[in-house]
Amino acid sequence: MRTEPTARIPLGILALLAALSVYALVVARYVPDLIGAWPTLGQAAVYLVLGIVWLLPLKRFMVWMETGSFRLPKQN
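Under the working numbering, the first residue of the sequence shown carries the number 3, and numbering increases by one thereafter.
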């Protein structure tokens with residue numbers, strides 16, 4: 003466990019907020035034009051998937067913020 007603070011955590015949080023903002027703006031700008039004529043359940047499914055997709059890289063990003071490496075630490 004680290005005892006000294008690092009700049010990775012505040013920088014990681016700022017990067018995460020920036021990336022999520024860009025992702026949300028891209029989804030809000032382009033997806034309605036592509037699926038606007040679809041049935042409501044189809045649109046709901048697309049937005050559900052897009053709402054979950056951003057979580058996929060989050061674990062490795064959080065590991066990087068804590069350890070400085072994108073790889074998971076080995077368990078002994």
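Backbone N, C-alpha and C fix where the C-beta goes; we use that ideal spot for every residue, glycine too.
query: Considering only C-alpha positions, which residue in the set Leu22, Ile11, Arg10 and Ala47 is nearest to proline 59?
result: Leu22
query: Taking the alpha helix (DSSP H) that leucine 50 falls in, what are its first and last residues?
result: 42-55
- prompt: Is DSSP giving proline 12 helix, strand or coil here?
  reply: helix
- prompt: Taking DSSP as the reference, what is the three-state secondary structure of glutamate 6?
  reply: coil
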